[in-house]
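Participant: Sequential numbering of the sequence shown, starting at 3, is according to our numbering.
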Amino acid sequence: MDHIIFNEANEADIPDLILLLSALFSIEKDFNPDATKQQKGLTLVIQNSLSATIQVARNADGKVIGMVSAQLVISTAQGAASAWIEDMVIDAGYRGNGVGKQLLGNALVWAKNKGATRAQLLVDVTNADAIAYYQHLNWESTQLQARRVFL
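1) What is the residue span of the alpha helix (DSSP H) that LEU153 lies within?
2) Per DSSP, ILE56 forms a beta bridge with which residues?
3) Quick check on DSSP: helix, strand or coil for SER160?
4) Would you give the residue range spanned by the beta strand (DSSP E) that THR119 belongs to?
5) For ILE48, count the other beta carbons within 10 Å of its own beta carbon; 16 or more makes it buried, fewer makes it exposed. Which is it?
6) At a cut-off of 7 Å, is ASP4 close to the ligand NAP when judged by its beta-carbon and the heavy atoms of the ligand?
7) Please report the distance separating the alpha-carbon of PHE113 from that of ALA59.
8) What do you reckon, are the CB atoms on ASP93 and ILE67 nearer than 8 Å?
9) Any contact between the stretch 107-123 and the stretch 38-45? By contact I mean 3 or more CB pairs, one from each, below 8 Å.
10) What separation, rounded to the nearest whole angstrom, lies between the Cα atoms of TRP141 and PRO17?
11) Across which residues does DSSP place GLU30 in a beta bridge pair?
12) Provide the residue span of the beta strand (DSSP E) that contains VAL91, from first to last.
13) Hey, out of ASP63, ALA11 and LEU19, whose CA is closest to ASN50's CA?
The following block contains the structure:
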């Protein structure tokens, strides 16, 4: 993890973030890479910095090589804010060196500082590597099942 810099994304990072999301969405059956939609979504998250963040990792050249987003929602079960973690992806050449763990940790610190008492994420049931990764980091499985409807 030498020469890796961790900080919050800004709008100038969006082209790099789109490339990372394209790699992620290409392995998830529920999502499709669409640069126009991803640009809009990333811009909204970055501009909504009071309740959302994109944490990034940069190589020595400043290129974004990893990302994770966190967005706050109100949890009636918790009686407090809760953080949705999404878009966790590390460039393949930088995996296995603690970059993801640090990024995720930074997102959780951000959420806790914003008053969140829990974080949750969804993982593609066919992504065995991601499932094993989150188990390794002690993320608990729940009895909940994701559902969606397009509006």
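No residue lacks a Cβ here, since even glycine has one placed at the ideal position from N, Cα and C.
Facilitator: Reading it off the structure:
1) Your numbering for residue 153 matches position 151 in the sequence shown. That residue, LEU153, is in no alpha helix (DSSP H); it is neither H nor E in DSSP.
2) Here residue 56 corresponds to residue number 54 of the sequence shown, with the count starting at 1. Answer is SER71, bridged to ILE56.
3) The requested residue 160 is not part of the displayed model; the chain covers only 3 to 153.
4) Along the sequence shown, read from residue 1 onward, the residue named residue 119 stands at position 117. It spans 118-123 - the beta strand (DSSP E) in which THR119 sits, taken as one unbroken run.
5) For the purposes of this step, residue 48 is taken as the residue at position 46 of the sequence shown. Buried: at least 16 other Cβ atoms inside 10 Å.
6) This structure lacks the ligand NAP, and indeed carries no ligand of any kind.
7) Within the sequence shown, numbered from 1, the residue matching residue 113 stands at position 111. Within the sequence shown, numbered from 1, the residue matching residue 59 stands at position 57. At residue 113 the sequence reads Ala, which differs from the Phe that was named. For ALA113 and ALA59, the distance between alpha carbons rounds to 18 Å.
8) As a position in the sequence shown, residue 93 is number 91, starting the count at 1. As a position in the sequence shown, residue 67 is number 65, starting the count at 1. A contact, by the Cβ cut-off of 8 Å.
9) no
10) Here residue 141 refers to the residue found at position 139 when the sequence shown is read from its first residue. Here residue 17 refers to the residue found at position 15 when the sequence shown is read from its first residue. Using only the alpha carbons, I get a separation of about 30 Å.
11) On the sequence shown, residue 30 is found 28 positions in, with the first residue counted as 1. DSSP, once it has assigned bridges, lists no residue as partnering GLU30.
12) Indexing the sequence shown from 1 puts residue 91 at position 89. Segment 82-92, the beta strand (DSSP E) holding VAL91.
13) Indexing the sequence shown from 1 puts residue 50 at position 48. It is ALA11 whose Cα lies nearest to the Cα of ASN50.
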